[in-house]
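Enquirer: Just dropping this structure here.
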Amino acid sequence: MLKFLHEFGNYWILMGKVFSKPENYSVYYRQTLREFISLGLYSIGIVVIISVFMGAVITLQTAYNTDNPIYPSYLIGLGCRDSIILEFSSTVIALILAGKVGSNITSEIGTMRVTEQIDALEMMGVNSASFLILPKITATLLFNPFLTLISIVVGIAGGWIAGVGAGVVTSSDFIYGIQYAFIPYYILYSMIKTVFFAFIITTVAAYHGYFVEGGSLEVGRASTKAVVYSSILILLTNVILTQLMLS
Amino acid sequence: MIRVKNIYKSFDGRNVLDDISVTFEPGMTNLIIGSSGSGKTVLLKSIVGLHEADSGEIWYEDTLFNTLNFHERKEIRKQIGMLFQGSALFDSLSVEDNVRFPLDMFSGLNTREKKERVNFCLERVNLAGTNKLFPSELSGGMKKRAAIARAIALNPRYLFCDEPNSGLDPITAILIDNLIKEITEEYNITTVVNTHDMNSVMEIGEKIVFISEGQKCWEGNSKEILNSDCKLLNDFVFANALAKQLKNTGV
Numbered sequence: 312m313l314k315f316l317h318e319f320g321n322y323w324i325l326m327g328k329v330f331s332k333p334e335n336y337s338v339y340y341r342q343t344l345r346e347f348i349s350l351g352l353y354s355i356g357i358v359v360i361i362s363v364f365m366g367a368v369i370t371l372q373t374a375y376n377t378d379n380p381i382y383p384s385y386l387i388g389l390g391c392r393d394s395i396i397l398e399f400s401s402t403v404i405a406l407i408l409a410g411k412v413g414s415n416i417t418s419e420i421g422t423m424r425v426t427e428q429i430d431a432l433e434m435m436g437v438n439s440a441s442f443l444i445l446p447k448i449t450a451t452l453l454f455n456p457f458l459t460l461i462s463i464v465v466g467i468a469g470g471w472i473a474g475v476g477a478g479v480v481t482s483s484d485f486i487y488g489i490q491y492a493f494i495p496y497y498i499l500y501s502m503i504k505t506v507f508f509a510f511i512i513t514t515v516a517a518y519h520g521y522f523v524e525g526g527s528l529e530v531g532r533a534s535t536k537a538v539v540y541s542s543i544l545i546l547l548t549n550v551i552l553t554q555l556m557l558s
Numbered sequence: 017m018i019r020v021k022n023i024y025k026s027f028d029g030r031n032v033l034d035d036i037s038v039t040f041e042p043g044m045t046n047l048i049i050g051s052s053g054s055g056k057t058v059l060l061k062s063i064v065g066l067h068e069a070d071s072g073e074i075w076y077e078d079t080l081f082n083t084l085n086f087h088e089r090k091e092i093r094k095q096i097g098m099l100f101q102g103s104a105l106f107d108s109l110s111v112e113d114n115v116r117f118p119l120d121m122f123s124g125l126n127t128r129e130k131k132e133r134v135n136f137c138l139e140r141v142n143l144a145g146t147n148k149l150f151p152s153e154l155s156g157g158m159k160k161r162a163a164i165a166r167a168i169a170l171n172p173r174y175l176f177c178d179e180p181n182s183g184l185d186p187i188t189a190i191l192i193d194n195l196i197k198e199i200t201e202e203y204n205i206t207t208v209v210n211t212h213d214m215n216s217v218m219e220i221g222e223k224i225v226f227i228s229e230g231q232k233c234w235e236g237n238s239k240e241i242l243n244s245d246c247k248l249l250n251d252f253v254f255a256n257a258l259a260k261q262l263k264n265t266g267v
């Protein structure tokens with residue numbers, strides 16, 4: 312318990328350092344653009360691939376489990392749409408990004424720590440926590456909702472391809488289903504969850520990298536811990552936000 | 017000038033620095049020597065504020081450094097250049113961007129002036145033409161020189177070098193030593209070098225402080241070191257068989 316409180320306190324002290332006034336806005340701006348590319352753009356591929364297949368599986372599962380004349384077939388499209396918007400594109404993609412982006416952040420910052428690059432920044436008078444972490448937070452908070460939107464579109468498209476391709480639903484029924492009883496608030500709900508998850512992924516990973524001690528072995532362990540902790544926090548936050556926003 | 021007064025530092029109840037007082041003079045290469053684990057790096061990092069001393073005073077000219085907060089220290093840190101043991105170049109940046117980094121952050125120079133300054137620093141350390149290379153493409157000696165170029169980019173008043181020769185062959189090590197000495201004299205910098213390399217001690221040791229188990233045992237220069245009656249220092253200086261043989265034969 313004491314260790315948890317110690318870590319919790321350290322985390323918020325680090326956040327205090329992160330959200331302080333930058334030394335030079337133009338350097339931070341350039342750094343943020345770099346992070347947009349490495350944390351955002353380079354994640355589009357994996358998001359697209361996973362979304363297509365998950366959309367396809369959700370559609371096929373829904374179709375085989377509602378294979379009954381009393382259920383109209385447009386429910387397959389509706390089920391695919393709501394599953395993807397409400398849970399898959401925000402939560403599941405966040406869990407995947409916790410692995411990809413989170414471990415990337417921890418290993419990058421952790422390696423900088425053990426090779427004294429962070430000390431070098433401090434020696435120059437640079438607030439290393441802010442310089443290294445703030446651009447990553449900014450980039451993921453702004454870009455991850457965009458990734459979620461891509462995931463929604465591609466996931467539903469994957470569902471349509473699989474459903475129509477396998478002959479379990481007609482194209483017109485599926486399209487009718489994804490339009491039927493659409494609640495735009497679900498998109499907002501998904502976006503808000505994504506922003507919370509992006510903050511968790513980035514800051515938990517950065518915290519574990521920033522305070523790593525030792526060598527490459529410890530950096531690897533810190534990456535694993537960061538992914539595990541951020542995944543648990545994402546799931547916990549998901550429950551809380553769902554209760555707050557949909558109840 | 018840097019003055020260290022009665023510095024103590026411990027980790028987990030183990031004393032690493034025990035009442036160390038020393039003055040480092042400007043325009044001079046000041047060496048801290050001692051065996052591995054003697055507390056050299058902790059002393060150096062305590063002086064620059066990367067470790068907080070448990071007690072004692074660290075003065076940069078007339079400023080008591082260790083009572084300043086992070087923001088107040090920034091002003092002094094902008095006057096400090098530091099060469100780390102592993103060079104600590106930023107892996108994701110090219111040599112040019114590494115050297116330009118402190119200029120981007122703090123100089124207020126325009127792009128052309130920064131470019132000129134970067135080229136000047138790289139030429140000064142004999143790395144002209146390596147601007148676009150990345151740290152992973154450099155040899156150990158080149159990395160050290162690139163790190164020196166970055167350290168001098170902002171014309172520092174103080175230069176700290178933590179084991180600048182570690183991992184280098186003897187010829188490259190001497191080149192790095194001489195470069196540090198030349199830069200120190202050229203810009204009248206207060207330079208503090210951590211080393212356990214006896215070649216460095218004899219080449220550039222204008223003022224030498226020997227520490228053992230966290231305590232200052234001896235202070236002097238490279239001429240005095242050979243005739244010291246400090247047993248711990250003699251054990252360190254004449255550690256290898258050749259040195260012992262030369263000493264015993266009175267060479």
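If you read the sequences in order, they're chains A and B. Under my numbering, the first residue of the first sequence carries the number 312, and numbering increases by one thereafter. Under my numbering, the first residue of the second sequence carries the number 17, and numbering increases by one thereafter. C-beta: ideal position from N, C-alpha, C; glycine also. In this text, all values refer to a predicted model and were calculated from it rather than measured experimentally.
Sort G230/B, M218/B and S228/B by Cα distance to I241/B and report the nearest one.
Expert: Within the second sequence, residue 241/B is the residue found at index 225, counting from 1. It is M218/B.
Enquirer: Alpha carbon to alpha carbon, how far is S62/B from P333/A?
Expert: Here residue 62/B refers to the residue found at position 46 of the second sequence. Here residue 333/A refers to the residue found at position 22 of the first sequence. Their Cα atoms are separated by approximately 25 Å.
Enquirer: So, with DSSP's three-state summary, where would you put R30/B?
Expert: Locating residue 30/B in the second sequence gives position 14, where the first residue counts as 1. R30/B falls in the strand class under three-state DSSP.
Enquirer: Inspect the beta-carbon positions of L389/A and G488/A and report whether they are closer than 7 Å.
Expert: By one-based count along the first sequence, residue 389/A stands at place 78. By one-based count along the first sequence, residue 488/A stands at place 177. Contact: yes.
Enquirer: Taking the straight line between their C-alpha atoms, what separation do you get for F510/A and T45/B?
Expert: Within the first sequence, numbered from 1, the residue matching residue 510/A stands at position 199. Within the second sequence, numbered from 1, the residue matching residue 45/B stands at position 29. Whole-angstrom Cα-Cα distance: 48 Å.
Enquirer: Is G469/A buried or exposed, if buried means 16 or more other CB atoms sit within 10 Å of its CB?
Expert: Translated into positions along the first sequence, residue 469/A becomes position 158. It counts as buried.
Enquirer: Might you give, ordered along the chain, the residues of its own chain that have their beta carbon closer than 6 Å to the beta carbon of I444/A, omitting 5 neighbours on each side?
Expert: For this step, residue 444/A is matched to residue 133 along the first sequence. Excluding sequence neighbours, I444/A sits near V329 and A517.
Enquirer: For the candidate residues N455/A, G474/A and S441/A, whose alpha-carbon lies nearest to that of Y340/A?
Expert: As a first step, residue 340/A is located in the first sequence; it is residue number 29 there, counting from the start. Out of N455/A, G474/A and S441/A, S441/A has the C-alpha closest to the C-alpha of Y340/A.
Enquirer: Just the C-alpha distance for L154/B and A144/B, rounded to the nearest angstrom, thanks.
Expert: Locating residue 154/B in the second sequence gives position 138, counting from the first residue. Locating residue 144/B in the second sequence gives position 128, counting from the first residue. Rounded to whole angstroms, L154/B to A144/B spans 13 Å at the Cα level.
Enquirer: Can you tell me the Cα-Cα spacing of I472/A and T370/A, whole angstroms?
Expert: Within the first sequence, residue 472/A is the residue found at index 161, counting from 1. Within the first sequence, residue 370/A is the residue found at index 59, counting from 1. So the alpha carbons of these two residues sit roughly 9 Å apart.
Enquirer: Which residues in chain A sit within 7 Å of K197/B, going by Cβ to Cβ distance?
Expert: On the second sequence, position 181 is the one that residue 197/B refers to. Within chain A, no residue comes near K197/B; the closest Cβ sits about 21 Å away, beyond 7 Å.
Enquirer: Cutting at 7 Å between CB atoms, please list the residues of its own chain near H67/B, excluding the five before and the five after it.
Expert: Along the second sequence, one-based indexing puts residue 67/B at 51. Here the set comprises K25, V58 and K61.
Enquirer: Measure from the alpha carbon of L406/A to the alpha carbon of each residue in Y353/A, V523/A and K504/A, then state which is nearest.
Expert: As a first step, residue 406/A is located in the first sequence; it is residue number 95 there, counting from the start. It is K504/A.
Enquirer: Give the DSSP-derived three-state secondary structure of S244/B in the structure shown.
Expert: On the second sequence, position 228 is the one that residue 244/B refers to. Looking at S244/B - three-state DSSP - the assignment turns out to be coil, as it is neither helix nor strand.
Enquirer: If you check the beta carbons only, do S103/B and K160/B fall under 7 Å apart?
Expert: The sequence position of residue 103/B within the second sequence is 87, counting from 1. The sequence position of residue 160/B within the second sequence is 144, counting from 1. Their beta carbons are under 7 Å apart, which means S103/B touches K160/B by this criterion.
Enquirer: What residues match up with R19/B in a beta bridge as DSSP calls it?
Expert: Position 3 of the second sequence, counting from 1, holds the residue named residue 19/B. T39/B and W75/B, per the DSSP bridge assignment.
Enquirer: Which residues in chain B sit within 8 Å of Q428/A, going by Cβ to Cβ distance?
Expert: In the first sequence, counting from the first residue as 1, residue 428/A sits at position 117. Simply A104, L105, F106 and D107.
Enquirer: Should S71/B go down as buried or exposed, given a rule of 16 or more other Cβ atoms within 10 Å for buried?
Expert: Position 55 of the second sequence, counted from the first residue, corresponds to residue 71/B. Classification of S71/B: exposed, given that the 10 Å Cβ count is below 16.
Enquirer: Could you tell me how far apart the beta carbons of L432/A and I355/A are, in whole angstroms, since I believe they sit closer than 8 Å?
Expert: Stepping through the first sequence from its first residue, residue 432/A is reached at position 121. Stepping through the first sequence from its first residue, residue 355/A is reached at position 44. That pair is no contact at about 30 Å.
Enquirer: I'd like to know if the region 80 to 97 of chain B and the region 423 to 431 of chain A are in contact, where contact means that at least 3 CB-CB pairs between them fall below 8 Å.
Expert: In short, these stretches do not touch, since the Cβ pair count stays below three.
Enquirer: Buried or exposed for D193/B, going by 16 or more other Cβ atoms inside 10 Å?
Expert: Here residue 193/B refers to the residue found at position 177 when the second sequence is read from its first residue. Buried.
Enquirer: P118/B versus chain A: which residues are under 9 Å apart at the beta carbon?
Expert: For the purposes of this step, residue 118/B is taken as residue 102 along the second sequence, with counting starting at 1. Here the neighbours are M435, G436 and V437.
Enquirer: On the DSSP bridge assignment, give the partners of F226/B in chain order.
Expert: Position 210 of the second sequence, counting from 1, holds the residue named residue 226/B. According to DSSP, which records beta bridges pairwise, F226/B is partnered with I49/B and W234/B.
Enquirer: Does V208/B come out as helix, strand or coil in the three-state DSSP assignment?
Expert: Within the second sequence, residue 208/B is the residue found at index 192, counting from 1. V208/B falls in the strand class under three-state DSSP.
Enquirer: Answer yes or no: does any C-beta atom of chain D fall closer than 7 Å to that of N335/A?
Expert: Within the model displayed, chain D is absent; protein chains A and B are what it includes.
Enquirer: Could you confirm whether any beta carbon from chain A is found closer than 7 Å to the beta carbon of S100/B?
Expert: Here residue 100/B is taken as the residue at index 84 of the second sequence, counted from 1. Note that residue 100/B is Phe in the sequence shown, not Ser. Yes, F100/B counts as interfacial toward chain A.
Enquirer: Which stretch, first to last residue, makes up the alpha helix (DSSP H) that contains I269/B?
Expert: Outside the shown range of chain B (17 to 267) lies residue 269/B, about which nothing can therefore be said.
Enquirer: For the alpha helix (DSSP H) holding I543/A, just list the boundary residues, first then last.
Expert: Sequence index remark: in the first sequence, residue 543/A carries index 232 (1-based). Where I543/A is concerned, the enclosing alpha helix (DSSP H) stretches over S527 to L557.
Enquirer: On the premise that E235/B lies in contact with G43/B, defined as a C-beta separation below 8 Å, what is that separation, rounded to the nearest angstrom?
Expert: For the purposes of this step, residue 43/B is taken as residue 27 along the second sequence, with counting starting at 1. For the purposes of this step, residue 235/B is taken as residue 219 along the second sequence, with counting starting at 1. Not confirmed; about 18 Å, so no contact.
Enquirer: Rounded to whole angstroms, what is the Cα-Cα separation between S542/A and V134/B?
Expert: The sequence position of residue 542/A within the first sequence is 231, counting from 1. The sequence position of residue 134/B within the second sequence is 118, counting from 1. Distance between the alpha carbons of S542/A and V134/B is about 44 Å.
Enquirer: Three-state secondary structure (DSSP) at M98/B?
Expert: Within the second sequence, residue 98/B is the residue found at index 82, counting from 1. Looking at M98/B - three-state DSSP - the assignment turns out to be strand.
Enquirer: Can you tell me which of H317/A, T514/A and M502/A puts its alpha carbon nearest to the alpha carbon of I420/A?
Expert: Your numbering for residue 420/A matches position 109 in the first sequence. Residue T514/A is the option with its Cα nearest to I420/A.
Enquirer: In the DSSP assignment, what are the bridge partners of D178/B?
Expert: For this step, residue 178/B is matched to residue 162 along the second sequence. For D178/B, which the question treats as bridged, DSSP gives the partners N210/B.
Enquirer: Got a sec: is the Cβ-Cβ distance from A562/A to anything in chain B below 7 Å?
Expert: No answer is possible for residue 562/A: it lies beyond the span of chain A, which begins at 312 and ends at 558.
Enquirer: Measure from the alpha carbon of N215/B to the alpha carbon of each residue in C137/B, G97/B and I190/B, then state which is nearest.
Expert: In the second sequence, the residue the question calls residue 215/B occupies position 199. Cα-wise, what sits closest to N215/B is I190/B.
Enquirer: Please check if any C-beta of chain A sits within less than 7 Å of the C-beta of K90/B.
Expert: Residue numbering aside, residue 90/B sits at position 74 when the second sequence is read from its first letter. Interface residue, yes.
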